[in-house]
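Participant: Residues -24 to -1, 1 to 420 in mature numbering (1 follows the signal peptide of the UniProt record, and there is no 0) are what the sequence shown lists, from first letter to last.
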Amino acid sequence: MGRPFLRAAGLGIGTLALAGPAGATGFELREQSAVGQGAAFAGAAARDDDPSMIFFNPAAMASLPGVQGAIVGSGIFPNAEAKSGSATRNAALGGSPITGSTGGDIGLDAFVPALHSTVQLAPDWHFGLSVTSPWGLVTKQAEDSIARYHALTSSLKTVNVTPAVSWQALPTLSLGIGLQIQYADARLSNAVDFGAIGAAQRIPGFVPGARDGRSTVTGDDTSVGFTLGAQWQPLAGTRLGLSFRSAMFHTLQGDAQFQGVPFPVSLSPSFANTAAQAKLVTPETVTLGLRQRIDERWTALAGLEWTNWSRFRDLTVNFANGRAPSVTEERWRDSVFASIGGEYRWNEALTLRAGFAYDQTPVREADRTPRIPDNDRYWLSAGASYQVNRNITLSAAYTHIFAPDATVNLQDPGPNNTNLFRGNLTSTYHASVDIVTAQLRFAF
């Protein structure tokens, strides 16, 4: 009952970086503003014309008079379907095929809300508050998927409360700073091949694939970080923005539970339910934006964002009952999001927008998993704002995201690997995302 049971104890712990078909690569959610989304978030860090822009740069509120607010709702409609695939057990377990479906569409639709408000405290000082969900995703494999031993359900939800202040330091320079208070809640599960585990221990009657169970890990935590920003107007009609959002370090505290553990495997302490904890980092970002007014009707926008995904090298889950930790290597790389767009002011009330973006994946091809069938993405966005009256403005945006097919190729190197009972998996995913966002802005 020794080492194989300790290896099997890590099954289902997997990775808390729940990427897959979210609104952006990795597990980032940019959908915090219909105004920004309409131009594919080009120049978001340099915009100072809407309260939702304080998410991208806290210095943005320095140009907003009085009391203003924005209520934003985004519907994210992903499709990430496994087009083909095959799976086999480790050669040490006989190398037999893992039967089942390719998994179908693993993306689940989601609604992402956001709230933003700003108050002018003095001619040069503003206070703002944003409530957003900047990271998260839900994906779900079919129960009979050939990838079931690697992943079933993956869920990450975050809520950020960000109070911020801005200062108009010079007529052409504004500065901002904010506090991030972030709550994170994670849940992931996968099937466990107890038949293979029993067969490896030569328990009579145990056959690989005949006695599947499930492992589920849950955890949550609250962490604190900060955000900084600056906007500079070197020339009339030209505005540059630079912002920084800090990394957030979570220690997720929760439980590891196993269901369907057959006797006598259930006698092993490796499969007893226990408390567990894992480290999760939401990475820092640096965003540069340009907003250039061409004439009274046309405005050009451009943006560049760097995300420090290389912080995510591995995930280690520790257990309260002394069970061996589960270590999953990730080896993500830093990524960039580059966007260009423009606005056209049709008349005093109506403004039209469009934009294009390249969204680089942080997931290396060799490390791609069925929890993270991620690839580079390309955004096409369009949107509009209509000023109903001096106090109310309605905005809407639509984005279609498309990506090249992503191939998962996980080959277990041998019996000493912690993935021994997950098996080998080859699968190709086709992914796209549609995003529809609406926003109500009020100003007094």
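C-beta atoms are modelled at their ideal positions from N, C-alpha and C, and glycine is treated no differently.
Note that this is a predicted model, so its numbers are computed, not measured.
Within a Cβ cutoff of 8 Å, which residues of the same chain sit near residue 446, ignoring the five residues on either side of it in sequence?
Facilitator: There is simply no residue 446 to check, as the chain begins at -24 and stops at 420 in what is shown.
Participant: With the cut-off set at 8 Å, would you say LEU277 and GLY19 are in Cβ contact?
Facilitator: yes
Participant: Can you have a look at ILE270 and say buried or exposed, based on whether 16 or more other CB atoms are within 10 angstroms of its CB?
Facilitator: exposed
Participant: Let me check understanding here. Comparing Cα to Cα, which of THR134, PHE313, MET37 and GLY12 lies closest to ASP352?
Facilitator: PHE313
Participant: Counting along the chain, where does the beta strand (DSSP E) carrying ILE411 start and finish?
Facilitator: Per DSSP, the continuous beta strand (DSSP E) segment holding ILE411 begins and ends at 400 to 419.
Participant: By the 10 Å Cβ neighbour count, where 16 or more other Cβ atoms means buried, how is HIS126 classified, buried or exposed?
Facilitator: Here HIS126 is buried, its C-beta having at least 16 other C-beta atoms within 10 Å.
Participant: Can you name, in chain order, every residue of its own chain whose Cβ lies under 6 Å from the Cβ of THR198, other than the five neighbours on each side?
Facilitator: TYR159
Participant: Determine the closest residue to THR115 out of LEU84, GLY104 and LYS133, with distance taken between C-alpha atoms.
Facilitator: LEU84
Participant: Which two residues bound the contiguous alpha helix (DSSP H) that contains PHE76?
Facilitator: The residue you asked about is not Phe; residue 76 is Gly in the sequence shown. Looking at the DSSP string, GLY76 is not in any alpha helix (DSSP H), and its letter there is neither H nor E.
Participant: Which term fits PRO(-4), buried or exposed, when burial requires 16 or more other beta carbons within 10 angstroms of its beta carbon?
Facilitator: Low confidence applies here, because PRO(-4) scores a pLDDT of 47, under 50, leaving its location unreliable; read the following figure in that light. Its Cβ being crowded by 16 or more others within 10 Å, PRO(-4) is buried.
Participant: Measuring alpha carbon to alpha carbon, tell me which of TRP285, ASP343, ASP26 and GLU119 ends up nearest ALA167.
Facilitator: GLU119
Participant: Pull up the distance between the alpha-carbon of ILE368 and that of ASP290, whole angstroms please.
Facilitator: 47 Å
Participant: Please name the residue in SER361, LEU151, SER131 and ASN136 whose C-alpha comes closest to that of ASP100.
Facilitator: LEU151
Participant: Kindly indicate the opening and closing residues of the beta strand (DSSP E) around VAL241.
Facilitator: Unbroken run through VAL241: none, as it is neither H nor E.
Participant: Please classify ARG417 as buried or exposed, where buried requires at least 16 other C-beta atoms within 10 Å of its C-beta.
Facilitator: buried
Participant: Please report the residue range of the beta strand (DSSP E) in which ILE157 lies.
Facilitator: Run containing ILE157: 149 to 169, per the beta strand (DSSP E) assignment.
Participant: With a CB to CB cut of under 7 Å and the five nearest residues on each side skipped, what residues in its chain are close to residue 435?
Facilitator: No answer is possible for residue 435: it lies beyond the span of the chain, which begins at -24 and ends at 420.
Participant: What are the partner residues of LEU386, as DSSP defines its beta bridges?
Facilitator: LEU401
Participant: To the nearest angstrom, report how far apart PHE32 and THR263 are at their CA atoms.
Facilitator: Rounded to the nearest angstrom, the two C-alpha atoms are 8 Å apart.
Participant: Could you pull out every residue in the same chain whose Cβ sits closer than 7 Å to the Cβ of residue 466, ignoring the five residues on either side in sequence?
Facilitator: Here the chain covers residues -24 to 420 and nothing more, so residue 466 does not appear.
Participant: Which same chain residues, not among the five before or five after ASP196, have their C-beta less than 8 Å away from its C-beta?
Facilitator: TYR159, ALA160, ASP161, ALA162, LEU228, GLN229 and GLY230
Participant: Span of the beta strand (DSSP E) holding ALA10?
Facilitator: Unbroken run through ALA10 is the alpha helix (DSSP H), 10 to 13; no beta strand (DSSP E).
Participant: To the nearest angstrom, how far is the alpha carbon of ARG(-18) from that of LEU396?
Facilitator: Bear in mind that a pLDDT of 40 at ARG(-18), under 50, signals an unreliable position, so the model cannot answer this.
Participant: Anyone know if the C-beta pair for TRP285 and ASP310 falls short of 8 Å?
Facilitator: yes
Participant: May I ask you to report which of helix, strand or coil DSSP gives ARG269?
Facilitator: strand
Participant: Apart from the five residues on each side of it in sequence, which residues of its chain come closer than 7 Å, Cβ to Cβ, to VAL88?
Facilitator: Correct list, in chain order: LEU5, GLU7, SER50, ILE52 and SER109.
Participant: Excluding the five sequence neighbours on either side, which residues of its own chain have a C-beta within less than 6 Å of the C-beta of ARG(-22), listed in chain order?
Facilitator: With a pLDDT of 41 at ARG(-22), under the threshold of 50, the predicted position of this residue should be treated as unreliable, though the coordinate-derived value follows. Closer than 6 Å at Cβ, skipping near neighbours: no residue.
Participant: Exposed or buried, what is TRP322 when buried is set at 16 or more other beta-carbons lying within 10 Å of its beta-carbon?
Facilitator: By the neighbour-count rule (16 or more Cβ atoms within 10 Å), TRP322 is not buried but exposed.
Participant: Name, in chain order, the residues that DSSP records as bridge partners for PRO224.
Facilitator: According to the sequence shown, residue 224 is Met rather than Pro. Beta-bridge pairing links MET224 to THR258.
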